[in-house]
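Report on one structure; see the data block that follows.
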Amino acid sequence: MIENYDISKTITGVIKKNEVIATAKNGEEARNLILEIPGEDSAFDAGANFGVLVPGPHEFGNPYHFRLYGVAGIEKKNGKTLIDMCVKRCTYVDEFNGEQYKGVASNYLCDSKLEDKIMIVGPFPGPFKIPEDKASNLLLIAQGTGIAPFRGLIQNIYKQHGGWKGKVRLYYGGKTGMELMYMNNQKDDFVNYYDEKTFKAFQAVSPRPFLGEPVNFEQAFEQNSKEIWGMITHANTLVYMAGLKKMKEAIDQAFAKVAGSEEKWESRKAELVAGGRWVELLY
1 MIENYDISKT ITGVIKKNEV IATAKNGEEA RNLILEIPGE DSAFDAGANF
51 GVLVPGPHEF GNPYHFRLYG VAGIEKKNGK TLIDMCVKRC TYVDEFNGEQ
101 YKGVASNYLC DSKLEDKIMI VGPFPGPFKI PEDKASNLLL IAQGTGIAPF
151 RGLIQNIYKQ HGGWKGKVRL YYGGKTGMEL MYMNNQKDDF VNYYDEKTFK
201 AFQAVSPRPF LGEPVNFEQA FEQNSKEIWG MITHANTLVY MAGLKKMKEA
251 IDQAFAKVAG SEEKWESRKA ELVAGGRWVE LLY
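Just so you know, we're using the numbering used here here: the sequence shown kicks off at 1 and counts up by one.
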C-alpha cells in the first residue's frame, strides 16, 4: 500500500488533543485526535486523506509502518493548521497462529501524549467531493470510522460553503453503541447541524451484536423508504458510502428492499455508478 503514495516529503505534526469519544466494556475505544502542523495555507482540507508513518524498525526490516487516515475536520488559524482525525484502537487475530496482535498505527496514535510529534505525509485527494451545485442531494452512508470523512464533509458544507439547498442525509451504523463515533452520549458533533433545514441524520445498529449480526441498515432505510427512493431516482443526487467491506452486501439488500426488487436496484445502481454519482471507500 505504501508504494502507492509519495512519502518523500514528510510533515511533523504535534498532538494537541487526544480524547476518548466512545468506549465499550471489553476495553475497545475510539479517540478524537488533533494534529497541529505548520502553515495556515497548507493543502490539507476536510475530506482529504493523509498517511501516518510509525517509526520502526518493523516486520521485514521496514523503517516505517504506513497507515492512511481521513481528515475528519480542519481549522486554519495563527499560521497553523489543525487536523482533526478519528482513530479506533484495533487488534487483529493472525490467521496462521491464532494469536492476537495490536494494530500498529491505531495503538501508536491512541497511546500518544500531548505534544508528541507524529510524522505524516500528504495530503492525498479524498474520494468524496462537495458538488459545485448547492442544490445537489447527498446520501451519506457510513459505519464505524467511516464517519470521519463525512464529519468533515458536513462541516465544510455548512460552515465554509453555506446556503446549501439540496438534501443532506446521513445514515450512520455501528454494531454497538461504541461504534457510533461522533454521535453518542460522550460526543455528538452532528447536533450542531440538526437545526439546518437540509440536514438529517439516522442511526442504525446491530439487533444482536453479541452474535455478530450485521448493522440493520434495512430497517433504517425502510422507515424512510419514500424519501430515499425519491433521492436515488433524482438526477442531482450523489451517494457516498464509507466503512468496512462487509457492509456492502447489507447496503445493497437495504436498497433492494426500498426499490422493490434486486433487479430494479441493480439497474439503478449501475446508472449511478456510470454517472459518477456512486462513490465508496471500503476497507
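In this text, a Cβ means the ideal position worked out from N, Cα and C, and glycines have one as well.
By the CB criterion at 8 Å, L35 and G70 fall outside the cutoff. The continuous stretches of alpha helix (DSSP H) do not include G56, and DSSP gives it neither H nor E.
Note that the segment 120 to 140 does not touch the segment 245 to 261; fewer than 3 beta-carbon pairs, one per stretch, sit closer than 8 Å. Taking C-beta atoms as the reference points, A242 and F150 count as a pair closer than 8 Å. Assigned with DSSP and collapsed to three states, V273 falls in helix. The alpha-carbon separation between E266 and G166 amounts to approximately 25 Å. Put simply, of A220, K17, H234, N4 the residue whose alpha carbon is nearest the alpha carbon of D111 is K17. Residues of the same chain with a CB within less than 6 Å of the CB of N78, apart from the 5 flanking positions on each side, do not exist. Looking at the backbone, the Cα of Y283 and that of K245 are separated by about 5 Å. When the five nearest sequence neighbours on each side are left out, the beta carbons in the same chain lying within less than 6 Å of the beta carbon of V20 are those of E29, R31, in order along the chain. Under the criterion of beta carbons closer than 8 Å, I11 and I37 qualify as touching, at roughly 5 Å.
Distance from K257 to E222 at the Cβ level is roughly 6 Å; contact confirmed, criterion being Cβ atoms closer than 8 Å. In the DSSP annotation of this structure, the continuous segment of the alpha helix (DSSP H) that includes P149 starts and ends at 147 to 155. Assignment of I232 by DSSP, reduced to helix, strand and coil, places it in the helix class. If you compare the alpha carbons of F60, Y92, E99 with that of N107, the shortest gap goes to Y92. About 6 Å separates the CB atoms of F44 and I74; that is less than 8 Å, so the two are in contact. Scanning its chain for C-beta atoms nearer than 6 Å, with the 5 sequence neighbours on each side dropped, one finds around L82 the residues I34, E36, E75, in chain order. Contact annotation, F124 with Y240: C-beta distance approximately 17 Å; criterion of less than 8 Å not satisfied.
Pairing V168 with T233, the inter-Cα distance amounts to about 15 Å. Partner residues in the beta bridge of G70, as assigned by DSSP, are N49. Close CB contacts of P57 within its chain, under the 7 Å cut and outside five residues either way in sequence, are with P63 (chain order). Pairing F66 with V52, the inter-Cα distance amounts to about 6 Å. Within the same chain, and ignoring the five residues on either side of Q100 in sequence, the residues whose Cβ sits closer than 6 Å to its Cβ are T91, V93.
Pairing K9 with V121 gives a Cβ-Cβ distance under 8 Å.
Here W265 carries a helix assignment [DSSP, helix/strand/coil]. Annotation: the continuous beta strand (DSSP E) that includes N137 extends over 137 to 143. It is roughly 24 Å from the alpha-carbon of I118 to the alpha-carbon of P127. Closest in C-alpha terms to M231, from the list E263, E262, A72, R268, comes R268.
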